[in-house]
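Residue numbers (the numbering used here): 74 to 247.
In what follows, a single structure is set out as structure tokens and then discussed.
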């Protein structure tokens, strides 16, 4: 009986410590889930609330790139963001790989940071955002795919989204 209790306690302890190691380190920013700094003047995360937009404004962010397809993004976030002084850019993405035009628009906007800080988001800041930031990492920052992939997973990218993953891998230097 004691043996079973000890084993159970060890397994419980291990599961807590393993969970802590696997959890991504997240910098909390009010009103923005999964918020992280990518590079000077480039930030990523999930869809911001009104409070999140205010926090971004205080940080000096000037441009928002919204990767969501939803029409609500244009109806709700765009007018609010523009009223607050942001430039709002919509690059609608689904589970398919981004087009060359989408990637070009995205990278051209990020190239203006840090002079014009940019916040990139989709709904949760994980899949579409992970793909586009992954492309930035391998194409602009010259990260190897494995490093970009590890970051994508750390921030919640779903590994079964093969087209988004392939879009990053295809742009990595061999």
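Glycine is no exception: its CB is placed at the ideal position from the N, C-alpha and C atoms.
Notebook entry, point to check: When the Cα atoms are used, what is the spatial distance from residue 232 to residue 151?
Noted result: 30 Å
Check: Does the region 200 to 214 come within contact of the region 122 to 136, defined as at least 3 CB pairs closer than 8 Å?
Finding: no
Check: Apart from the five residues just before and just after residue 114, which ones in its own chain have a Cβ nearer than 6 Å to its Cβ?
Finding: 186, 187 and 190
Note to self: Taking contact to mean 3 or more Cβ pairs, one atom from each stretch, closer than 8 Å, check whether the region 162 to 172 and the region 131 to 139 are in contact.
What the structure shows: yes
Notebook entry, point to check: Which residue or residues does DSSP assign as beta-bridge partners of residue 115?
Noted result: 112 and 191
Item checked: Among 222, 206 and 145, nearest to residue 176 - alpha-carbon criterion -> 206
Check: Going straight from the alpha carbon of residue 180 to that of residue 209, what length do you get?
Finding: 7 Å
Next item on the list: Evaluate residue 184 with the Cβ neighbour count: other Cβ atoms within 10 Å of its Cβ, from every protein chain shown; 16 or more gives buried, anything less gives exposed.
Entry: exposed
Checklist line | Residue from 103, 110 and 105 with nearest C-alpha to residue 224 | finding: 110
Checklist line | C-alpha distance - residue 157 paired with residue 228, whole-angstrom precision | finding: 28 Å
Next item on the list: Look at residue 221 and residue 211 and say whether their C-beta atoms are less than 8 Å apart.
Entry: yes
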